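Only one structure is covered here, and it is reproduced in the block below.
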C-alpha cells in the first residue's frame, strides 16, 4: 500500500477534509476523562502519547441503543447508514474490534446493528511510541505498532505523521486527500520507533497453553483467594474493549415504546439470575472465574484466540488494584 507524510500543523486540514464526507469520531477530553466522541471541529481532537481512558468500543457497540420503536401498529427499526471515520484508534483497540467482529459478524449469529456501523466506517489507527507500564499488548500477537484492524496507520515522527494505507478502503480515502508521498527516511524512522517501542514493553504474559491449562482449573482453590479482594463493581468489563455482554429491555406501553440494548456485565449478581429465582453463579468466586475462563478458555476455544488485547485499562481502573496479569500467573 501507499505511504504519505503529513506535518502536524496540517492535521486539522486533513480532518476538515475528511469531515466533508464522514462523521468523525476521535479522542476528546470529556470532563476528567478522554474518550472517543463525535467531533464538530478538528480542534477538539486529542492525539497524545497516552491511550484514551475509555475504549472506542461504544462507537460500534453503544452503551445504550434503541433497537426499534413502535407506535400503534407501526414498527420502526433503527439503523446506521452514516459513514464515519474513527480517528486515533490505538493498536490494542483496533485489534479489539477484530475480536468483536468474531462475535457480532462472524459468529453463529449476525448482529445487524454492529455490522452496519462497522461496514460504514474506516479506522485510522495511531501507533504507540511510548507504551504505558500497564500495557501488555505484545502478549497477544500484536504490539504497539500492530496494524491489525486498521484501514490507515499513523506513526508519530515528531514534527509529522507517517500515514500508511493498510486496506483498499484506506487507500481509496487517502488517495483523494492530495497528500505528499513519504520519503524512505520517514519510513525507516518509523521502523526505528517501532523497535524502540517494542523494547519498552517489559510486561509479557506467557499464554502458550493457557487455554488447556484452564480446563483443569475450574475447581482450583485459587479462585476463592482471588475473588476476596474483588468488590464486583464490573468496572473492568465496562472499560474493556472486548467485553460484550448486554441486556435488552422494553420501555413503553401497549401504544408506543422502545426496545433498548444496554451493556451488562458477567460480574454483576443479577446477570445470571433467572426469573424463577435460580442463580447459577451465586458467589463472586464463580463470577470472577467466568470472566477469566471466558477470556482465556471459552473464547479461544470458539474463535481461536484470547478475548484480551493487553490494553491495561482493567488494571488502571480497578478500585482494589486487581491485576489481570497477576491473576493469569496465579493460574498457570
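In this note's numbering, the protein residues as written are 1087 to 1418. Built from N, CA and C at the ideal position, the CB exists for glycine as well. All of these numbers come straight from a predicted model, not from anything done at the bench.
At the level of alpha carbons, what is the spacing between residue 1278 and residue 1268?
16 Å
Do residue 1133 and residue 1113 have their C-beta atoms closer together than 8 Å?
yes
Does the beta carbon of residue 1270 come closer than 8 Å to any beta carbon on chain C?
This model lacks chain C altogether, as it is built from one protein chain only.
With which residues is residue 1119 paired in a DSSP beta bridge?
1116
8 Å Cβ shell around residue 1245 - same chain, five flanking residues per side excluded
1093, 1094
Do the region 1145-1158 and the region 1362-1371 make contact, defined as three or more Cβ pairs closer than 8 Å?
no
Residue 1403 and residue 1325 look like a contact to me (Cβ under 8 Å); what is the Cβ gap, rounded to whole Å?
5 Å
State the start and end residues of the unbroken alpha helix (DSSP H) segment that holds residue 1374.
1370-1379
Distance CB(residue 1032)-CB(residue 1336) smaller than 8 Å
In the structure as shown, the chain starts at 1087 and stops at 1418, and residue 1032 therefore has no counterpart that could be examined.
Below 8 Å on the Cβ atoms is my guess for residue 1307 versus residue 1230; work out the distance and round it to an integer in Å.
Not confirmed; about 37 Å, so no contact.
To the nearest angstrom, report how far apart residue 1214 and residue 1136 are at their CA atoms.
8 Å
Tell me the rounded alpha-carbon separation between residue 1065 and residue 1169.
The displayed coordinates of the chain run from 1087 to 1418. Any statement about residue 1065 would go beyond what the structure contains.
Quick one: what's residue 1346 bridged to in DSSP?
1152, 1335
Does the Cβ of residue 1185 have 16 or more other Cβ atoms within 10 Å, making it buried, or fewer, making it exposed?
buried
Inter-stretch contact at 8 Å, needing at least 3 Cβ pairs: the region 1259-1273 / the region 1215-1223
no
With H, G and I counted as helix, E and B as strand and the rest as coil, what does DSSP make of residue 1192?
coil
Please tell me whether residue 1346 and residue 1209 are closer than 8 Å, where the distance is taken between their beta carbons.
no
May I have the straight-line CA-CA distance separating residue 1219 from residue 1344, to the nearest angstrom?
44 Å
Return helix, strand or coil for residue 1260, following the three-state DSSP convention.
helix
How do the region 1281-1301 and the region 1232-1243 stand: do at least 3 beta-carbon pairs fall below 8 Å, yes or no?
no
Local conformation of residue 1442 per DSSP, three classes
Since the displayed the chain opens at 1087 and closes at 1418, residue 1442 lies outside it and no answer follows.
Neighbourhood of residue 1233 by C-beta distance below 6 Å, restricted to the same chain and skipping five residues each side:
1239, 1252
Can you name the start and end residues of the alpha helix (DSSP H) that residue 1277 belongs to?
1270-1286
Identify, in the order they occur along the chain, each residue of the same chain with its Cβ nearer than 6 Å to the Cβ of residue 1098, setting aside the five sequence neighbours on each side.
1128
Is it true that the CB of residue 1180 sits closer than 8 Å to the CB of residue 1235?
yes
Close-in-space but distant-in-sequence residues of the same chain around residue 1158 (CB under 8 Å, 5 per side omitted):
1341, 1342
Residues of its chain near residue 1313, where Cβ-Cβ distance is below 6 Å and the 5 sequence neighbours each way are ignored
1370, 1371, 1374
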